[in-house]
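Participant: Under UniProt numbering, the residue at position 71 of the sequence shown is numbered 71, and the numbers go up by one with no gaps. Supplied in structure tokens, the structure appears directly below.
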Amino acid sequence: MLLREAIGSGLRRARNARRRTLRDISRGARVSLGYLSEVERGRKEPSSELLAAICEALGITVADLLTSVVREMNTDLHTAGVEHGRTDDDVLVPIGQRHAELRLAGRPGAGPAVPASSGGPVASAA
1 MLLREAIGSG LRRARNARRR TLRDISRGAR VSLGYLSEVE RGRKEPSSEL LAAICEALGI
61 TVADLLTSVV REMNTDLHTA GVEHGRTDDD VLVPIGQRHA ELRLAGRPGA GPAVPASSGG
121 PVASAA
């Protein structure tokens, strides 16, 4: 899930929980109804100023919104990991390091890559 989608989803949840209409919030935030709709659908990424205005119109803080967005994104990441057979014991390795390990592993005469926890990949001097 993209950040703009999670922000839009969080805004929509907050608006619906307060039983407010798009029109009501768009007037309060001084943003067009169409643009607010696009933000809620994750099509547009609002500026920090616009996000603050929308949150104010909703009666929430930006911090509250972002906290709910982080929770949603963490839930999505955990769910995606479970769907792909990952567990909490799996180790995430920076993409550049993993790329280097794969590149080194494909070289003729190269020794095994050193595990990520020991400082990164090392090729033999062959």
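Just so you know, even glycine gets a beta-carbon here, dropped at the ideal spot from N, CA and C. Quantities reported herein were computed from a predicted structural model and do not represent experimental measurements.
If I measure Cβ to Cβ from Val69 and keep anything under 7 angstroms in the same chain, skipping five residues before and after, which residues do I get?
Facilitator: Ala6, Ile7, Gly10
Participant: Which value, in whole angstroms, describes the spacing of the CA atoms of Arg12 and Met1?
Facilitator: 16 angstroms
Participant: May I have the straight-line CA-CA distance separating Ala17 from Glu49, to the nearest angstrom?
Facilitator: 23 angstroms
Participant: Could you check the C-alpha separation between Arg41 and Asp64 for me, to the nearest Å?
Facilitator: 19 angstroms
Participant: Buried or exposed for Ser26, going by 16 or more other Cβ atoms inside 10 Å?
Facilitator: buried
Participant: Would you mind sorting Ala57 into buried or exposed? The rule is 16 or more other CB atoms within 10 Å of its CB.
Facilitator: buried
Participant: How many Å lie between Ser37 and Lys44 at the Cα?
Facilitator: Computed Cα separation, rounded: 9 angstroms.
Participant: I'd like the span of the alpha helix (DSSP H) that includes Leu39, first residue to last.
Facilitator: Looking at the sequence shown, residue 39 is not Leu but Val. 33-40 is the extent of the alpha helix (DSSP H) around Val39.
Participant: Find out if the Cβ-Cβ distance for the pair Ile60, Ala14 is shorter than 8 angstroms.
Facilitator: yes
Participant: With a threshold of 16 other CB atoms inside 10 Å of the CB of Val39, please say whether the residue is buried or exposed.
Facilitator: buried
Participant: According to DSSP, is Arg30 part of a helix, a strand, or is it coil?
Facilitator: It is coil, neither helix nor strand.
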